[in-house]
Structure formats: C-alpha cells, structure tokens
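Working notes, structure below.
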DNA sequence: TTGAGTCATGTTGTCTGACAACCAAACACT
DNA sequence: AGTGTTTGGTTGTCAGACAACATGACTCAA
C-alpha cells in the first residue's frame, strides 16, 4: 500500500524539509495529490489506517504493527500515530491493551457513526440527497411517535418554534434557528432520546442548505412560505395525535427538499464538463 | 467544577505516587469514586472536557484554555490533554487552529453520532428499547426503498442470507451471522450508502441480543422460527417490488423484539429492589 | 516429563523538554 | 492615521526516557 518513499511528510512541506535534512526525503510527483488537505499529519495517518482497516488488511482480533513500526512506515513520529490510534479506538474500530498491542476490534463494537465521505464518483449533491433520504425516514418516524406521545410541554415548544418562523417570515428575516428548533422539538416529543439525538445530528449536516431556505433567494422562490405551511400541517397533526398524518406530512415536507436537490443534480449533469 | 486538589491522577495510583514525589499529591477521599474505570488518563480527560462542553461552560466560538492550562488544571501532562482534544476535534465539537488555540465549534458541525450512554435513571433494557425503536424506523424505511430499487444482485444476496438462516434453523445452529447479513443486504439494496452504513451501525449495537435469538433458549421459545417466517415475508415483498408491504413486514418484525424487551422491562420493574 | 513460579523482553501509557509553524495583538515608523 | 514589523503566546511535531503491563521463555522442583 505504501512504497518506501511514499510518506505522509510528502504533503507537509516543513516536515519534508526536515526529513530532507536527515536524508530521508521522499521524491515529489507520487500518487498523492495535495488536493485533499490533511492539514495535520495525524489526520492523514488516521485516514490511511482507517482505509487499511476498511479493506481488511488485518483480520478481526489480529494485532496491528507496533506504534513504532507504524510510525516508521508512515514516516512520522510516534505521537502522531498515537493520536490516530486514539481516534480509531474512540470509534471502536480497534482495542489497545497496555503491554500487549493494538488489535482489530469486532465489527460489532462500532461506537460512533460518521457520515461517509462521498465516494469519488458521487457529486456533492448526490451525497446530500442520500443524507436527506435518511433524514426523511427518521424524521417521519419521529413525527409519528411524537403525535402519539407528545405532552403539553412538547406542544408548547413546537408551537414556539412555529411562531418564531412565522414572524421571521413576516419580516423576511432569517428563521433558520427556529426551523432547527422546530424539527428538534418534534424529535424530542418522541420521548426517545436516541431518536432525538440522531435527528439533531442529521440536522447538523444541513446547516448550510437550511440557511438557503431563509436567504433572499429562498424568499424569492417561495421556499420558506411553502415550508411554513408544511410545518403548520405537521404541528396540527401532532397536536391532534394523528400519527399517520404527522408521518405523511413530515415525509412530504422533506420530499420537497429532495426534489430540489434532484433538480440541481439534473442541471449539474447537463452542464457537466465545464469545470 | 474541579477543586485544586481534585486531579485526574487521584484515581491512577502510580501517577499519584509520582506526583507525591514531586510534592503535588492530591489528598484522597474526594468526590471521585473509582467506580467509573477511566483506565486511561486520556479517557478521563476526554470525559471531563466533554462534560464541560455539554454544560456550556464555554460558549460557541469561545476559546478554550491552552493545553498547558488544561493539563495543569486536570493534573496531567500535555500529551494526555492533546489526545483528549484530538478526540473532541474528531467529533467535531471543537476546532483548533495552530498558533491560535482551541475553540468551541458550532453545534452544527457534529461529525459523529455516538450512542448516548444510557441515562442513570434508565435501565439497560429501556436504553435498548430506544435504540430498537430507532432501528425499527430506519430498517422499515430501508426495506421500502429496497423494494423499489433492488436489482438482481441484491435479491441474490438477500436470498443467500435467508437460506443460510434456513439451514441453520434446520440444524439448530447459530444463524446470527446470516441474520446480520440479511438485514445488511436489505439495507444495501436501498442503494443509499448512508442508510446502509447506518443500519449496519445500529445492527452492531445488538450483537448480543441477536445471538440470544439463536441460542438454545431462543430455539426453545421459538423466536428463531417466528423470525424466519418474518424474514421470508420481507424477502417476498421486496422481490415483488411491494414497498408498502416490505415496510410493514419489516416494521412488525422489529416490533416483536420490542415487545420482548417490554416484557423484560415489566418483569424487571416488578422485581425491583432485589439488587 | 510436567507443572508452577520467575525472569527477560517487547509494547503501550505517560512525562519532560525542545523546536518549528503560526496567529494575534502590541509596537514602530512613515 | 494608516501600515508594516516585531514579539509573545499557542498549537503541531519530534525525540528520548521511564513506568506499567503482557507474553512467552526459562528454571527448577516434583
């Protein structure tokens, strides 16, 4: 996977120079493009090890090379490797035992879920569509549970966010904060902390695109206005305790966002090659 | 949050001794109970900082104390703090800029979703129920998409897992591997990599309870048998391209697991106080 | 021969000190 | 006043060292 002269330092100029002084310089022009900015050796080391684990370079339960060996093979120092290993351990992908070594953890031990970096053949929009689809599923389910389990406090919180968006709409100001709060309040009304936390996590992946709903362009196209009527309908269904309807409304609300993305993908495809 | 004498080293004997030699000993008998086994200073430091971030000790965008300051206040060295900060950065909770410092990141930057450790007032079973409910939502949605998008290769993979479980059932052996593969194959048939990855992540949280379906007790109660007819129905719906039915079947399949948990919770509650 | 205890070696966990790269604000100069 | 420069502080990285621990080899007695 790594040729001798292909070390991390290649993309980090100052380190490369230091290595050059030591007679360990790597020749330029290898497979590594500087486009992906690792910005830190540890980031890069983490990426590499992560990749090697993905492709089953070591079997489950097998012992990884020692920190020293890894450091040498990647051309960095032990602290850098330690930081990378620490992250892998935090993700639950490896386990380390003092005095013994680092071992590939059982796949059934994953402790964290990360958004997969979009595959090379995917555009950003396509990756966003996938996340949006997942969000659609989870939020619709959360809305259904919310309709069944919401109490008065939940309704008040949801209504407050709704009114916040309402007044933002009247004054044509940014209502994205209340938009966030609205979806989050519904998720909490499901009285399932895992669902609530996951909805918030997914929502966080959309901080940019959600703002686009509330900027000048969004107002111009009327996205915010349409979205608000969706929100009102969802609230009504939840307040009425109509789980099926809340689910349906929430589903179609996110569907609009998916449709917008699909349009963007279509236009991107038709103008492909200009970049 | 931390009194002067309340350092991490208090719970790590050998370090405490080293500190004692240096005249920096912390007195024992403080608020720290040794029940939570940090096992590593970095783990503990990560936990503390994580907690402090949770309770908004620093506002978003605010600068955290320097690594040296943090190290001193927690009674550990800089590498330990660096490892903890590295994990926080990997989670997207802080951002560090070389030469400037570490800053609290916008909440909308969370890069990883972790299963929340069950709250103290919750039993294990209740926490498991919450995850199961989330799984129900996502897997049902995945099954629906799978029915709409599956191709021949997908069907073959699902069928292979189904037959694996079938023969395991006949020989009363452990079919949990095929069980895993079955749900995973359906998720992949949705042709949404985010959904596929998340389903696998959720499935990983159930390695234990899934095995319980396939052990002697599971066979005795007939869980595996009932589950298998569920699986067959789900496969049939997906093969037929009937999204609504696939969704319904998948939903009720997980519902059985939820019902079992509910029963366990009920019996646990009735025998409470014996521990 | 076998078993248990001991020891040597290798590995991770942690500390210390040092320097490079970098940022931000105070400072000096025009 | 505005602009370039310097200076101190902070993170990123390296190197070396030692402690804690795990593992296998080795020794010695039964």
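Residue numbers (my numbering), protein chains in the order written: chain A, 603 to 877; chain W, 603 to 877. We put the CB at the ideal spot given by N, CA and C, even for glycine.
Subject >> For residue 746 of chain W, the nearest candidate out of W:655, W:793, W:666 (CA to CA) >> reply: That would be W:793, whose Cα lies nearest to the Cα of residue 746 of chain W.
Subject >> residue 728 of chain W versus residue 750 of chain A - alpha carbon distance >> reply: Computed Cα separation, rounded: 18 Å.
Original post:
Which residues in the same chain have their Cβ closer than 7 Å to the Cβ of residue 833 of chain A, if we skip the five residues on either side of it in sequence?
Top reply: Scanning its chain for C-beta atoms nearer than 7 Å, with the 5 sequence neighbours on each side dropped, one finds around residue 833 of chain A the residues 764, 767, 784, in chain order.
**OP:** Could you name the residues of chain A that residue 717 of chain W contacts, counting a contact when the two beta carbons are closer than 9 Å?
**Re:** The contacting residues are 713, 714, 715, 796, 799.
Original post:
Do the segment 653 to 663 of chain A and the segment 647 to 665 of chain W meet, that is, are 3 or more Cβ pairs less than 8 Å apart?
Top reply: Touching, no, given that fewer than three Cβ pairs across the two stretches are closer than 8 Å.
Original post:
Just the Cα atoms here: how many angstroms apart are residue 802 of chain W and residue 773 of chain A?
Top reply: Taking the straight line joining both Cα atoms gives about 45 Å.
**OP:** Spell out the partners DSSP gives residue 704 of chain W in its beta bridges.
**Re:** In the DSSP output, where bridge partners are listed per residue, residue 704 of chain W has W:698.
**OP:** For my contact list, residue 692 of chain W and residue 713 of chain W are in at a C-beta cut-off of 8 Å; report their separation, rounded to the angstrom.
**Re:** That belief holds up - the Cβ atoms of residue 692 of chain W and residue 713 of chain W are roughly 7 Å apart, short of 8 Å.
Original post:
Of the residues A:856, A:677, A:663, which one's Cα is nearest the Cα of residue 878 of chain A?
Top reply: This structure leaves residue 878 of chain A out entirely; chain A is present only between 603 and 877.
**OP:** May I have the straight-line CA-CA distance separating residue 858 of chain A from residue 808 of chain A, to the nearest angstrom?
**Re:** Within the model, the alpha-carbon separation for residue 858 of chain A versus residue 808 of chain A is close to 15 Å.
Original post:
Are any of the Cβ atoms in chain W nearer than 8 Å to that of residue 697 of chain A?
Top reply: No, residue 697 of chain A does not count as interfacial toward chain W.
Subject >> Sequence-distant residues of the same chain with beta carbon closer than 7 Å to residue 752 of chain W, five excluded per side >> reply: The beta carbon of residue 752 of chain W sits closer than 7 Å to the beta carbons of 791, 840 from its chain, once the five residues preceding and following it are set aside; these are given in chain order.
Original post:
residue 713 of chain W by DSSP, collapsed to three states: which one?
Top reply: Three-state result, residue 713 of chain W: coil.
Original post:
So, residue 828 of chain W versus residue 734 of chain W, is the Cβ gap smaller than 8 Å?
Top reply: Taking 8 Å as the Cβ cut-off, residue 828 of chain W and residue 734 of chain W do not qualify as a contacting pair.
Original post:
What residues from chain W crowd round residue 803 of chain A, counting only those whose CB sits closer than 7 Å?
Top reply: Ordered by position in chain W, the residues that pass the 7 Å Cβ test against residue 803 of chain A are 712, 715.
Original post:
Can you name, in chain order, every residue of its own chain whose Cβ lies under 8 Å from the Cβ of residue 708 of chain A, other than the five neighbours on each side?
Top reply: Sequence-distant Cβ neighbours of residue 708 of chain A in its own chain, meaning closer than 8 Å and more than five residues away, are 662, 663.
Original post:
Helix, strand or coil for residue 665 of chain A per DSSP?
Top reply: In the displayed model, residue 665 of chain A falls within a strand according to three-state DSSP.
Subject >> Interfacial residues, the segment 737 to 768 of chain W to chain A, with Cβ spacing under 9 Å >> reply: Cβ proximity to chain A below 9 Å picks out 738, 739, 740, 742, 743, 744, 746, 747 from the segment 737 to 768 of chain W.
**OP:** Could you tell me which of W:697, W:754, W:871, W:737 sits nearest to residue 797 of chain W, measuring between CA atoms?
**Re:** Among W:697, W:754, W:871, W:737, the Cα nearest to that of residue 797 of chain W is on W:737.
**OP:** State buried or exposed for residue 781 of chain A, treating a residue as buried only when at least 16 other CB atoms are found within 10 Å of its CB.
**Re:** Counting the other Cβ atoms within 10 Å of the Cβ of residue 781 of chain A gives 16 or more, which makes it buried.
Original post:
Taking only beta-carbon atoms, is residue 681 of chain W less than 8 Å away from chain A?
Top reply: Cβ-Cβ to chain A under 8 Å: yes for residue 681 of chain W.
Original post:
If we cut at 8 Å on Cβ distances, does residue 735 of chain A have a partner in chain W?
Top reply: Taking Cβ atoms only, chain W reaches closer than 8 Å to residue 735 of chain A, which makes this a yes.
Subject >> Helix, strand or coil at residue 682 of chain W [DSSP, three-state] >> reply: Of the three classes helix, strand and coil, the one that applies to residue 682 of chain W here is helix, per DSSP.
Original post:
Run through DSSP, which three-state label would residue 778 of chain A get?
Top reply: Correct three-state label for residue 778 of chain A: helix.
Subject >> Cα-Cα separation, residue 758 of chain W to residue 836 of chain W >> reply: A straight line joining the alpha-carbon of residue 758 of chain W with that of residue 836 of chain W spans about 14 Å.
Original post:
What residues from the segment 700 to 711 of chain W come within 8 Å of chain A, judged by C-beta to C-beta, listed N to C?
Top reply: Along the segment 700 to 711 of chain W, the positions whose C-beta sits under 8 Å from a C-beta of chain A are 708, 709, 710, 711, read in chain order.
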